[in-house]
Every structure is written in C-alpha cells, then in structure tokens.
Amino acid sequence: MNVTNFVAQKAAKKMCKWKFIYPEQEDEYTYSIQVIFEKVIGYFVLLFLSVFNHLFWQTVIFLIFFSNLRKYTGGYHAGSFFECMGLSVIVYETYVIFFYPLIINLNYLKHFLLGVSLVVVLILGTVNHPNMQLDEIELSLCKKAARKMAVVEVIVIIISCFLGVDSSCISFMNFGFCLCAIMLLIAKIIRQEVIM
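Start counting the sequence shown at 854; every next residue gets the next number (the numbering used here).
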C-alpha cells in the first residue's frame, strides 16, 4: 500500500463513519479519492516546477490540453503513482530544457508534429488500459470522444496561431497534444492494453 492509497482509505473510512457513504461504497470512494489526490499532487508538482521555469501559464495551458485529451485516449500508464510522478517530472523538464527552446520559433516543426500526432489519435483513438477495462461499447464511445476532442484541440491551436497567440503558449498546447499521441503509441508498442 502506498501513501496516497493509505490517505484515501482513511478518508473513505471517515466518510463511512460519518454516514456520508454506505459501507459497500467504501472501496469505490477509496479509489476515487486516491485518483483525485494523485492528480492534485501531480498538478501541484508540475505547477511548482513551472514557477521556477517562468512558464506558469504555459504549463497551465499544457495541463488543460493534455488532461482533456488524455481522459479519452488513455495510453501508457506507469506501474505506480510515484513512478508516474517521476516520469512526469522527467518528461516535463526534458521538454522545457531541451525541446522547448529549439521549437518555440520553428512553426513548421510544431505544425508537422501536431499533424502527425493528430493522425495517431485519429487512427488509434483510445487504448483500453487494464485499469480502465472498457467493454466494446464503452471503448467505441471513448474512441469517438477522443477523436472529437483531438479535432477540437487542433482547431483551437490553429485559431490561436491565426489570432497571434504567443508562440510559447502554442508550443505548450502542442506539447500536451503530442504527449497524448506519444503515450498512445507507447501503450500500443509495449502492448499495455486489453485486447477484445
């Protein structure tokens, strides 16, 4: 049992004790509380790093684009929360230190990567991760939602380019979108999915 699971269990037990939930709902609430708790920690850590990198608003935009698409696409999942957190920090800092300075003014490269990522999301849609355990109908609905969200995000990025939105913000929009596509591909390559 890890720390976040321990805290979630304690919270669910308190909710049960105070009669906010029924005893048979305790496991569901433990899981939900743990997921929320881990997301809050993850967002806080990345936003904390963004302040030191002087990229707070760009990181907020990245998190919005990434989170909105990721909830439908699924993709690679680390083995534990702390592994996920470590990988998230490494990926974020690698992008900020190495890739962001290189591509911020290379619009053709940003557009190319966005186009390739869009094709990946449109083709794959969703990876049915073992934690999700989607049935065929749910998987089909998730793939449609992922494709629609991908198109919406790409349209927002294109409109932002035409409106002259700061290149740093557009770079982080692209980063969020491309990262979802990369995680889809990784999950497919390492076969981290439920095949129906």
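Yeah, the Cβ is synthetic: ideal placement off N, Cα and C, and Gly gets one too.
All of these numbers come straight from a predicted model, not from anything done at the bench.
Assigned exposure category for residue i - 16 Cβ within 10 Å defines buried
i: Phe1015; result: exposed
i: Ala1040; result: buried
i: Ile886; result: buried
i: Lys963; result: buried
i: Phe915; result: buried
i: Phe873; result: exposed
Neighbourhood of residue i by C-beta, 7 Å cutoff - its chain only, sequence neighbours within 5 removed
i: Val876; result: Here the sequence assigns Pro to residue 876, which means Val is not the residue at that position. Within the same chain, Pro876 has close Cβ partners Cys869.
i: Ser970; result: Phe1030, Cys1031 and Ala1034
i: Met1052; result: Nothing in the structure corresponds to residue 1052, since the chain is present only between 854 and 1049.
i: Leu940; result: Ala931
i: Phe952; result: none
Contact check, residue i vs residue j, beta carbons under 8 Å
i: Thr912; j: Val974; result: no
i: Met1002; j: Leu922; result: yes
i: Gly895; j: Val980; result: no
i: Glu891; j: Thr857; result: yes
i: Glu946; j: Leu900; result: no
i: Asn855; j: Ser920; result: no
i: Val942; j: Val898; result: yes
i: Leu967; j: Ile1010; result: yes
i: Val949; j: Asn906; result: yes
i: Glu841; j: Ala864; result: Absent from the structure is residue 841, since the part of the chain shown begins at 854 and ends at 1049.
i: Phe918; j: Glu1006; result: yes
Beta carbon proximity, residue i to chain C, threshold 8 Å
i: Phe915; result: The displayed structure is made up of one protein chain only, and chain C is not part of it.
Paired residues, beta bridge with residue i - DSSP
i: Val944; result: In the DSSP output, where bridge partners are listed per residue, Val944 has none listed.
i: Gly927; result: Val980
Same chain, Cβ closer than 8 Å to residue i, neighbours up to 5 away in sequence not counted
i: Gly957; result: The amino acid at residue 957 is misidentified as Gly; the sequence shows Ile. Within the same chain, Ile957 has close Cβ partners Ser1020, Ser1021 and Ser1024.
i: Arg1000; result: Val974, Leu975 and Gly978
i: Val1047; result: Asn981, His982, Pro983, Met985, Gln986 and Leu987
i: Tyr884; result: Ala861
Beta-carbon contacts of residue i that lie in its chain and below 6 Å, excluding the five residues immediately before and after
i: Ala998; result: Tyr925
(message) At 4 residues or longer, what runs of the alpha helix (DSSP H) sit wholly inside the stretch 1016 to 1047?
(response) 1020 to 1042
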